[in-house]
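Taking it in order: structure first as structure tokens, then the write-up.
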Amino acid sequence: MSITPRYRPLVVAAGYFLGGYQGLSIPNTGSQITLIRPPTGIALASLPVGRYSIISGIWLWAFLVNLDTSATWGSSSGLSIGNILGPFSMHLLLRCAGFERRMDKHRDVVIIALAGAVLPMTITAMIGSQPLMISRLLPSAQWATAWFAWWWGNLLGVLFFTPSLIRYERHVLRTTRTVL
Numbered sequence: 046m047s048i049t050p051r052y053r054p055l056v057v058a059a060g061y062f063l064g065g066y067q068g069l070s071i072p073n074t075g076s077q078i079t080l081i082r083p084p085t086g087i088a089l090a091s092l093p094v095g096r097y098s099i100i101s102g103i104w105l106w107a108f109l110v111n112l113d114t115s116a117t118w119g120s121s122s123g124l125s126i127g128n129i130l131g132p133f134s135m136h137l138l139l140r141c142a143g144f145e146r147r148m149d150k151h152r153d154v155v156i157i158a159l160a161g162a163v164l165p166m167t168i169t170a171m172i173g174s175q176p177l178m179i180s181r182l183l184p185s186a187q188w189a190t191a192w193f194a195w196w197w198g199n200l201l202g203v204l205f206f207t208p209s210l211i212r213y214e215r216h217v218l219r220t221t222r223t224v225l
């Protein structure tokens with residue numbers, strides 16, 4: 046079962062919206078920060094398959110979810126940019142580190158956990174927490190706590206959801222080849 050390339054951003058946006066809405070239904074700090082963020086893992090698993098056309102789906106999802114959780118138009122746009130830059134920078138780092146989507150070596154697991162998840166999620170947490178503070182949705186006294194919760198939620202989203210989605214993708218491709 047293959048999705049036509051022109052519809053991939055919409056499918057990814059729908060998955061992000063549902064995953065993001067579910068994650069934010071249990072907020073940790075404010076209404077935009079949760080301790081597990083499935084869409085970050087969905088973003089990373091989607092980028093290599095959909096190439097750069099998926100970025101529009103990421104932005105659309107992030108914008109709609111954040112707008113729905115009482116953020117302003119401006120802060121939703123800023124949060125959306127952070128939601129693009131984290132997974133995109135992680136995707137680039139994984140490519141540079143020689144990460145293989147088969148994930149059949151311990152090296153790939155270490156790469157995705159350390160080189161991929163830790164640094165790029167720092168970018169997402171930094172960019173994501175700033176628009177909330179600027180728009181006064183996050184008091185400056187809570188910034189450090191919010192930053193850490195944001196980083197942690199994205200990190201767990203990558204570690205829990207990206208490997209699962211990559212394995213699922215491999216299973217679907219293997220099944221499709223067997224049927225054909």
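Each residue of the sequence shown is one higher than the one before, counting from 46 in this note's numbering.
All C-beta atoms, glycine included, are put in the ideal place defined by N, C-alpha and C.
(message) If the criterion is Cβ atoms closer than 7 Å, does the pair Ile103 and Ala90 meet it?
(response) By one-based count along the sequence shown, residue 103 stands at place 58. By one-based count along the sequence shown, residue 90 stands at place 45. It is not a contact, given that the beta carbons lie outside the stated cut-off.
(request) Please state whether DSSP places Ile81 in a helix, a strand or coil. (result) One-based indexing of the sequence shown puts residue 81 at position 36. Here Ile81 sits in coil by DSSP.
(message) Suppose you measure from the CA of Leu139 to the CA of Ile156; what does that come to, to the nearest Å?
(response) Indexing the sequence shown from 1 puts residue 139 at position 94. Indexing the sequence shown from 1 puts residue 156 at position 111. About 7 Å.
(request) Could you tell me whether the segment 150-170 touches the segment 108-115, where touching means 3 or more Cβ pairs closer than 8 Å? (result) no
(request) Determine the direct distance from the alpha carbon of Ser174 to that of Gly127, and round the result to whole angstroms. (result) Indexing the sequence shown from 1 puts residue 127 at position 82. Indexing the sequence shown from 1 puts residue 174 at position 129. Going by the C-alpha atoms only, they are around 9 Å apart.
(request) Would you mind sorting Pro165 into buried or exposed? The rule is 16 or more other CB atoms within 10 Å of its CB. (result) One-based indexing of the sequence shown puts residue 165 at position 120. Label assigned to Pro165: buried.
(request) Give every residue of the same chain whose Cβ lies closer than 6 Å to the Cβ of Leu201, excluding the five residues on either side of it in the sequence, and list them in chain order. (result) Position 156 of the sequence shown holds residue 201. Same-chain partners within the cutoff: Ile81.
(request) Quick one: using the 10 Å Cβ neighbour count with 16 as the cut-off for buried, is Gly143 buried or exposed? (result) The residue labelled residue 143 in the question sits at position 98 within the sequence shown. Label assigned to Gly143: exposed.
(request) Enumerate in chain order the residues of its own chain whose CB-to-CB distance from Gly123 is below 6 Å, with the five nearest sequence positions on each side excluded. (result) As a working mapping, residue 123 is identified with position 78 in the sequence shown. Closer than 6 Å at the Cβ level, and outside the excluded window around Gly123, lie Pro176.
(message) Quick check: the Cα distance between Trp196 and Ile168, rounded to an integer number of angstroms?
(response) Against the sequence shown, residue 196 aligns to sequence position 151. Against the sequence shown, residue 168 aligns to sequence position 123. Taking the straight line from one Cα to the other gives about 9 Å.
(message) Using a Cβ-Cβ cutoff of less than 6 Å, which residues in the same chain neighbour Ser125 once the five nearest sequence positions on both sides are dropped?
(response) Looking up residue 125 in the sequence shown gives position 80. Contacts found: Trp104, Ala107 and Phe108.
(message) Less than 7 Å between the beta carbons of Asn199 and Thr85, yes or no?
(response) Counted from its first residue, the sequence shown places residue 199 at position 154. Counted from its first residue, the sequence shown places residue 85 at position 40. Yes, these two residues count as a Cβ contact at 7 Å.
(request) From the DSSP output, in three-state form, read off Pro184 for me. (result) Numbered from its first residue, the sequence shown carries residue 184 at position 139. Coil at Pro184, not helix or strand.
(message) I'd like to know whether the C-beta atoms of Thr117 and Ser209 end up nearer to each other than 7 Å.
(response) What you label residue 117 is simply residue 72 of the sequence shown in a count that begins at 1. What you label residue 209 is simply residue 164 of the sequence shown in a count that begins at 1. Cβ atoms of Thr117 and Ser209: not closer than 7 Å.
(request) Pull up the CB-CB distance for Ile100 and Phe133, whole angstroms please, since I reckon it's below 8 Å. (result) Along the sequence shown, one-based indexing puts residue 100 at 55. Along the sequence shown, one-based indexing puts residue 133 at 88. Contact flag correct, Cβ pair sits at about 7 Å.
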